[in-house]
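Worksheet: one structure, shown below.
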Amino acid sequence: MIKLFRLFTLLLLISVICFYSMTNVFAEGEDDNAENDIGISLSPKDNLFDISNMKPGDWAPRTITVQNSGNTDFVYRMQLQNSGEKKLFNELLVEIKAGDEELYQGKLAELESLQERELTSGTEENLDITIRFPEHLGNEFQGLESAFVFSFAAEGNDSTVVQAMTTGQVASVGPPSVGTSIPTTSTNIFNWILFGTLLASGVIVLMVIRRYRRMKMAP
Numbered sequence: 002m003i004k005l006f007r008l009f010t011l012l013l014l015i016s017v018i019c020f021y022s023m024t025n026v027f028a029e030g031e032d033d034n035a036e037n038d039i040g041i042s043l044s045p046k047d048n049l050f051d052i053s054n055m056k057p058g059d060w061a062p063r064t065i066t067v068q069n070s071g072n073t074d075f076v077y078r079m080q081l082q083n084s085g086e087k088k089l090f091n092e093l094l095v096e097i098k099a100g101d102e103e104l105y106q107g108k109l110a111e112l113e114s115l116q117e118r119e120l121t122s123g124t125e126e127n128l129d130i131t132i133r134f135p136e137h138l139g140n141e142f143q144g145l146e147s148a149f150v151f152s153f154a155a156e157g158n159d160s161t162v163v164q165a166m167t168t169g170q171v172a173s174v175g176p177p178s179v180g181t182s183i184p185t186t187s188t189n190i191f192n193w194i195l196f197g198t199l200l201a202s203g204v205i206v207l208m209v210i211r212r213y214r215r216m217k218m219a220p
């Protein structure tokens, strides 16, 4: 009986030691995961640009805040993708700065990706983005819309990638352009003038024929 009790006590002690060791392993694993947590946040996060009635020569400045909201440092890259019609998108201009540092200046359509930027844990930076409507664009760009997406990809030391995105939309002023056409009022006036000319010509011809017949029938 005493031997059985000692054996039970020994098994209980071994079980407690094993359970404690496994608990420490899981806890360390959770701590490692927490330490390597990558998080990127944007402000504003839903829609950076929502512009209507934009016309040649106009510009729209916006500021987006990129924040490292995780527990580890990362590098991030911003990309731009067209999500709408190409006609206006291909002509719009964009300027991107981080403080006094110019990151890009040129056409929206030619911006594929910014160079990687580092952001340490718990810090943030502002990107100043200005969209310009070129002055030389003519009436054929009236009533058009452009939609696009700013995508931010953050990558940590273990190659884990986390993404965040915000959108933009630009609409030009005026009704949709369908090409040059003669105004309806001018067309109607032209039709009436043509009709009157033909009618007058017909009357004159008829009068000449009648006069000729009368002269022929006279003795």
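Following the numbering used here, the numbering of the sequence shown begins with 2 at its first residue and continues without gaps. Where is the CB? At the ideal position from N, CA and C, for every residue including glycine.
For residue i, which beta-bridge partners are listed by DSSP?
i, result
"I132", "A61, V95"
"S40", "With the sequence shown as reference, residue 40 is identified as Gly, and Ser is not the correct amino acid for it. The partner list for G40 (beta bridge, DSSP) is empty, contrary to what the question assumes."
"F153", "M79, A165"
"S122", "According to DSSP, which records beta bridges pairwise, S122 is partnered with nothing at all."
"N54", "Paired residues: none, contrary to the question."
"N103", "One point to set straight first is that residue 103 is Glu, not Asn, in the sequence displayed. In DSSP, E103 forms a bridge with K98."
"N127", "T66"
"V171", "I52, S147"
What did DSSP end up calling residue i once you bin it into helix, strand or coil?
i, result
"E113", "coil"
"N140", "helix"
"K108", "strand"
"L49", "strand"
"L1", "Residue 1 lies beyond the stretch modelled for the chain, which goes from 2 to 220, so this question has no answer here."
"T181", "Note that T181 scores a pLDDT of 40, beneath 50, so its modelled location is shaky; the value from the coordinates is reported in the next line. Reduced to three states, the DSSP call for T181 is coil."
"G71", "coil"
"A28", "Any answer about A28 is weak, because its pLDDT of 46 lies below 50 and its placement is not dependable; what the coordinates show is given next. Residue state, collapsed to three classes: helix."
Would you decide whether residue i is buried or exposed? Buried here means 16 or more other CB atoms lie within 10 Å of its CB.
i, result
"D51", "exposed"
"G169", "buried"
"N127", "exposed"
"L14", "Note that L14 has pLDDT 49, beneath the 50 cutoff, so the model's placement of it is unreliable and the number below is only indicative. L14 should be labelled exposed."
"S147", "buried"
"G139", "exposed"
"G71", "buried"
"G100", "exposed"
What number of angstroms, rounded off, separates the C-alpha of residue i from the C-alpha of residue j?
i, j, result
"E96", "E113", "13 Å"
"G40", "N91", "33 Å"
"L115", "L104", "7 Å"
"N48", "K87", "20 Å"
"E141", "F149", "21 Å"
"F151", "I130", "11 Å"
"L93", "I65", "19 Å"
"Y77", "T121", "11 Å"
"L43", "Q68", "6 Å"
"G157", "E119", "10 Å"
"T124", "Q82", "26 Å"
"I145", "L89", "Note on residue identity: the sequence assigns Leu, not Ile, to residue 145. Those two C-alpha atoms are separated by around 7 Å."
"E117", "M79", "8 Å"
"T167", "G85", "15 Å"
"F75", "A155", "6 Å"
"A165", "T73", "17 Å"
"F153", "E102", "19 Å"
Legend entry - the region 151-161 / the region 92-111 touching (three or more Cβ pairs under 8 Å): no
Legend entry - the region 165-175 contacting the region 52-59, beta-carbon criterion three pairs below 8 Å: yes
Legend entry - the region 53-72 touching the region 133-150, judged by at least three CB pairs closer than 8 Å: Enough Cβ pairs lie closer than 8 Å, so yes.
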